[in-house]
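Numbering (UniProt numbering), first residue to last: 1 to 447.
Below is one structure; the comments refer to it alone.
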Ligand SMILES: Cc1cc2nc3c(=O)[nH]c(=O)nc-3n(C[C@H](O)[C@H](O)[C@H](O)COP(=O)(O)OP(=O)(O)OC[C@H]3O[C@@H](n4cnc5c(N)ncnc54)[C@H](O)[C@@H]3O)c2cc1C
């Protein structure tokens, strides 16, 4: 018996559990995987910690920054000195800002579309996007449909496709325009979301982001149970909820489900949740994003005057960053890869195509790494997918109002339910703190 059972030991669930413990409640966190962190998962390449999932943080992500500082997990600026590279229409060129060096006409088109996008996003309230007077129109089309409707040029559309792949793990035709503008608004605008300096990629953690989750879990101790997927939640009329895994049943006065909407669907609720909730879960699919890391003796591109940051219109490596621990080495390149073409390949072929991508950008030295590793979130066997939900047209206006509406002592957390920095670690922490506060108020009211 606990006051509160939290389902999921990602940043949302662990933040909720910490906050509730601090407020004096008895909390149990039940996690399906045999590790904490969820979509924050740190591995190694050539002995250097690298993040398979969440890596970067930036200004205004105050909730996760405060959490990391409190737990003593230090961040470091993302390496950004020197020229960026772009592989575009078969040629590799260098540039220095977030937006690559395209022709003047192409650049003007990118600015025009960005201006229109940001202006629309300010007209959509992040907490209740379906109430915007333009909600129905925007939810009726995909991001791709909108780009075509405003006659975006081919280069602008290709750049926005890269943005969609890295942001939602989906193509622009799979994401509702209402979702796209609401999501960007929650991040403070396109520049804030896409920039390195001053934006969401400004800093990273040398120990990896999972270290933050590991430290939260260490504080909670045996209040965190691993390797126990929650299968069943029942809520009898006496308001004592029961949460069951294959091996145990726990009772609680309240439950926080801190898993993405798609994965709520794997839990059986008794009595069943109102039909609207199931509809929401089935229309809130996770996208798919993959990452490849190659490690070299040194970050040789730095010596050549390059930042390690690159964009490519040719897959499967479509964005790169320098994630080296320092100037001395090893040098570590991170490549985001296009899950559609990358994920189905066998391991040796994935390595080959990722290294080909690095080599096309950084030259022949990139073909001979010390070590290589990749990760495909869509291929995870439990709770697959990420970085976040790629919400399709029609879903927000039809189902959005049930995203985090509590039902009979069941509360909802997870980055998908956040209003600030939804989809990011910061949104996950904020959602956990919000759910903890809701539960605290509910239990105080009942006492
Ligand atoms: C490739 C990639 C790159 C990313 N890059 C960044 C980045 O640079 N910066 C950033 O801020 N964010 C990034 N993100 C997004 C970030 O990782 C997520 O927003 C954040 O980790 C979500 O946390 P959460 O707690 O909401 O959900 P999750 O981390 O998904 O946690 C949910 C937990 O619930 C568990 N679970 C699910 N179902 C059950 C069940 N039935 N029973 C028990 N447990 C269950 C899962 O195993 C999981 O541990 C990235 C994600 C990916 C995949």
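Backbone N, C-alpha and C define an ideal beta-carbon position, used for all residues, glycine too.
Bridge-paired residues (DSSP) for residue i
i	result
residue 95	84
residue 376	290
residue 43	50
residue 77	203
residue 321	334
residue 27	4
residue 243	233 and 250
residue 371	295
residue 57	203
residue 410	255 and 407
residue 142	176
6 Å CB neighbourhood of residue i in its chain, flanking five on each side removed
i	result
residue 413	12, 16, 256, 258, 431, 432 and 435
residue 34	226 and 227
residue 120	181
residue 287	168, 169, 170 and 390
residue 269	233
residue 152	113
residue 208	42, 49 and 51
residue 3	25, 26 and 253
residue 427	415, 418 and 421
residue 402	276, 277 and 280
residue 82	305, 306 and 307
residue 249	242
residue 367	355 and 359
residue 301	308 and 362
residue 67	429
Nearest-angstrom Cβ-Cβ length linking residue i and residue j, presumed shorter than 8 Å
i	j	result
residue 58	residue 202	4 Å
residue 335	residue 357	6 Å
residue 127	residue 397	About 15 Å; that fails the 8 Å criterion.
residue 243	residue 230	6 Å
residue 89	residue 313	7 Å
residue 224	residue 429	Actually they are not in contact, since the Cβ atoms of residue 224 and residue 429 sit about 17 Å apart, beyond 8 Å.
residue 1	residue 251	5 Å
residue 345	residue 293	16 Å between Cβ atoms; not a contact.
Contact set for residue i: own chain, Cβ-Cβ below 7 Å, skip 5 residues either direction
i	result
residue 391	175, 176, 179 and 284
residue 65	57
residue 263	383
residue 456	As shown, the chain starts at 1 and ends at 447. That puts residue 456 outside it, with no answer to give.
residue 325	48 and 206
residue 187	193, 200 and 421
residue 290	337, 339, 342, 343, 374, 375, 376 and 377
residue 78	56, 196, 201, 202, 203, 204 and 321
residue 132	123, 124 and 125
Helix, strand or coil at residue i according to DSSP, with G and I counted as helix
i	result
residue 121	helix
residue 253	strand
residue 360	helix
residue 167	helix
residue 13	helix
residue 342	helix
residue 403	coil
residue 389	strand
residue 128	coil
residue 383	coil
residue 441	helix
residue 114	helix
residue 347	helix
residue 150	coil
residue 21	helix
residue 38	coil
residue 195	coil
residue 396	helix
residue 134	coil
residue 189	coil
residue 238	coil
residue 415	helix
residue 447	coil
Residue i Cβ short of 7 Å to ligand 2 heavy atom set
i	result
residue 221	This structure simply doesn't include ligand 2; it includes ligand 1 instead.
Own chain residues within Cβ distance below 8 Å of residue i, not counting five before or after
i	result
residue 147	113, 156, 157, 160 and 172
residue 41	35, 51, 52, 53, 210 and 375
residue 458	This structure does not reach residue 458, given that the chain is present from 1 up to 447, and the question cannot be answered.
residue 394	139, 140, 176 and 283
residue 198	58, 59, 191 and 192
Worksheet item: Which runs of the alpha helix (DSSP H) fall wholly inside the segment 259 to 315 and span at least 4 residues, in chain order?
Response: Runs of the alpha helix (DSSP H) inside the segment 259 to 315: 261 to 264, 275 to 282 and 300 to 303.
Fill in: Complete alpha helix (DSSP H) runs within the segment 207 to 235 (minimum length 4 residues, chain order)
Within the segment 207 to 235, the complete alpha helix (DSSP H) runs of at least 4 residues are 210 to 220.
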